[in-house]
Amino acid sequence: MLDQAFGLLINEIALDIGTSNIRVYSKGRETYIEEPAVVIAENKKGKITILEYGHTALLMVGRTPQHQQAIFPLQGGIQNPKLAEDLIRLVIQKSLGGKPLLKPRSVVGFSQYFANEAPKTLSGILQRTAGKDIIQLNSLICSAMGCSLPLDGSTALMVMNIGYNGTELGVLCHSNLYKSVYIPMGGKHINTAIATYCKNKYHSIISAQYIEQIKQTLCNIQTLAPDQERNIPCKHISSGQPLELMIHSSDVRAALCPILSSFVTHITKFFTELSPRIVTDLMENGIVLCGGGAQLTELDLFLQEKLNLPVILIDNPQQATIRGAAQCLAQEPYAHWFV
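Positions 1287 to 1625 (this note's numbering) are the ones given, in order, by the sequence shown.
1. By how many angstroms is the C-alpha of S1312 removed from the C-alpha of A1548?
2. Please classify G1304: is it buried, with 16 or more other beta-carbons within 10 angstroms of its beta-carbon, or exposed?
3. Of the residues Q1581, I1299, F1396 and T1342, which one's Cα is nearest the Cα of L1504?
4. By how many angstroms is the C-alpha of N1506 removed from the C-alpha of V1394?
5. Looking at the structure shown, is C1505 part of a helix, part of a strand, or coil, going by DSSP?
6. When the cut-off is 8 Å and only beta carbons count, does T1583 lie next to chain B?
7. Quick one: complete beta strand (DSSP E) runs, 3+ long, within the segment 1522–1592?
8. Just to confirm before moving on: does the CB-CB distance between P1390 and A1356 stay below 8 Å?
9. Report all residues from its chain with a CB closer than 7 Å to the CB of K1380; omit the five preceding and five following residues, and keep chain order.
10. Please classify A1612 as buried or exposed, where buried requires at least 16 other C-beta atoms within 10 Å of its C-beta.
11. Buried or exposed: K1521, going by 16 or more other Cβ atoms within 10 Å of its Cβ?
12. I need the DSSP call for R1315, collapsed to helix, strand or coil.
13. Look up S1409 in the DSSP assignment and say whether it is helix, strand or coil.
14. Grab me the residues of N1297's own chain with a C-beta within less than 6 Å of its C-beta, minus the 5 sequence neighbours each way, in chain order.
15. Rounded to whole angstroms, what is the Cα-Cα separation between G1610 and N1447?
16. Between the alpha carbons of E1584 and G1332, how many angstroms are there, rounded?
17. With a CB to CB cut of under 6 Å and the five nearest residues on each side skipped, what residues in its chain are close to F1292?
18. Compute the Euclidean distance between the alpha carbons of E1371 and R1516, then round it to the nearest angstrom.
19. For Q1398 and G1439, I'd like the C-alpha separation in whole angstroms.
20. Would you decide whether T1335 is buried or exposed? Buried here means 16 or more other CB atoms lie within 10 Å of its CB.
21. Would S1306 be called buried (16 or more neighbouring beta carbons within 10 Å of its own) or exposed?
And the structure:
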């Protein structure tokens, strides 16, 4: 009870708003939660009501009754501002143990994708949910901090944050974001590539749940490991009948070959826009991988081979942005990065 009351009074939170997940760290309660950015909603007489959200809602995707719908309000931009706002508010209140008595002080790390797509919409949502005292911070800065990189150093560092909708690539130098680019490819496109490959080769449809299992168990991008296989439940396109497919890790490599090659092309193009001095620094410091998409098995080895640079995959890469945002709650030296 005391912890809950303390959380309602202190109200200092770090927030990572992604297209597929929302993460919140509550300084008062010293808690961290992560919820998928999905809701189960019901439309009654034109009024949309959220019935479930987060992990509970994700388990219901593909199994909802006819009068209910699974909605991902942050994917593809803020398609439904009202549901996005309600979802963010619910996750924040869960992190604080209830509706806060005082408006929270918040540090929010957000992707450039949101800033470009709907800056006014996002700003309004944050003011109504995260409080008026908000520090908005580029997620690349948060990610670099969460990766424990020496941002105040004189040599250039590169961070690659692979999210669901896209990838942010940035160079930091002399405590500033020197240059960055948004690549419109991420976890969603990796999932689509696997699903499309299986649809074309095996004439079968695999659910999102099993696509995730394929990525976790069969996705050896390099050919160093022995070929692995797994039975995956799916549905035949023509007959609609259920069946099991034997999927091989070689299938996954073939499915991802075009998108991985495109990643390399985008990164290489980005390097052409950097000064020789910066490139020289990166030859020594390499690229630090973070974000949920960085967990793709052997992605770091693949990029290292193709780019001829050191590529470092951090522990728990999906938490890099929220770790960095949490550090900003108490570290005034980073104030010049606030936007």
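The C-beta atom is built at its ideal place from N, Cα and C for all residues, glycine as well.
Answer, in terms of the structure:
1. By one-based count along the sequence shown, residue 1548 stands at place 262. By one-based count along the sequence shown, residue 1312 stands at place 26. It is Ser, not Ala, that sits at residue 1548 in the sequence shown. Straight-line spacing of the CA atoms in S1548 and S1312 works out to 38 Å.
2. For the purposes of this step, residue 1304 is taken as the residue at position 18 of the sequence shown. Per the 10 Å Cβ criterion, buried.
3. Within the sequence shown, residue 1504 is the residue found at index 218, counting from 1. The shortest C-alpha separation from L1504 is found at Q1581.
4. The count along the sequence shown starts at 1 and reaches residue 1394 at position 108. The count along the sequence shown starts at 1 and reaches residue 1506 at position 220. Across the structure, V1394 and N1506 are spaced so that their CA atoms are roughly 34 Å apart.
5. For the purposes of this step, residue 1505 is taken as the residue at position 219 of the sequence shown. The three-state reading of DSSP puts C1505 in coil, since its state is none of H, G, I, E or B.
6. As a matter of chain content, chain B is missing from the structure shown, which is built from one protein chain.
7. Entirely contained in the segment 1522–1592, the beta strand (DSSP E) runs reaching 3 residues are, in chain order, 1528–1534 and 1573–1576.
8. Position 104 of the sequence shown, counted from the first residue, corresponds to residue 1390. Position 70 of the sequence shown, counted from the first residue, corresponds to residue 1356. No, they are not a contact pair.
9. The count along the sequence shown starts at 1 and reaches residue 1380 at position 94. So the qualifying residues of the chain are I1319.
10. Looking up residue 1612 in the sequence shown gives position 326. Buried is the call here.
11. Here residue 1521 is taken as the residue at index 235 of the sequence shown, counted from 1. Classification of K1521: exposed, given that the 10 Å Cβ count is below 16.
12. Looking up residue 1315 in the sequence shown gives position 29. In the structure shown, R1315 sits in coil (DSSP, three-state: anything other than H, G, I, E or B).
13. Locating residue 1409 in the sequence shown gives position 123, where the first residue counts as 1. Helix at S1409.
14. Residue 1297 sits at position 11 when you count from the first residue of the sequence shown. The residues are P1386, L1388 and P1390.
15. As a first step, residue 1610 must be located in the sequence shown, where it is residue number 324. As a first step, residue 1447 must be located in the sequence shown, where it is residue number 161. Answer to the nearest angstrom: the Cα atoms are 13 Å apart.
16. By 1-based counting over the sequence shown, the position of residue 1584 is 298. By 1-based counting over the sequence shown, the position of residue 1332 is 46. Take the alpha-carbon of E1584 and the one of G1332: they are about 48 Å apart.
17. For this step, residue 1292 is matched to residue 6 along the sequence shown. Confidence at F1292 is low in this model, with a pLDDT of 44, below 50, so its placement is unreliable and the value that follows should be read with caution. Beyond the five residues adjoining it in sequence on each side, F1292 comes within less than 6 Å, by CB distance, of G1314 in the same chain, given in chain order.
18. As a working mapping, residue 1371 is identified with position 85 in the sequence shown. As a working mapping, residue 1516 is identified with position 230 in the sequence shown. Cα to Cα, E1371 sits roughly 40 Å from R1516.
19. Mapped onto the sequence shown, residue 1398 falls at position 112. Mapped onto the sequence shown, residue 1439 falls at position 153. Those two C-alpha atoms are separated by around 24 Å.
20. On the sequence shown, position 49 is the one that residue 1335 refers to. With a threshold of 16 other beta carbon atoms within 10 Å, T1335 falls short and is exposed.
21. Reading the sequence shown from its first residue, position 20 is the one you call residue 1306. Label assigned to S1306: buried.
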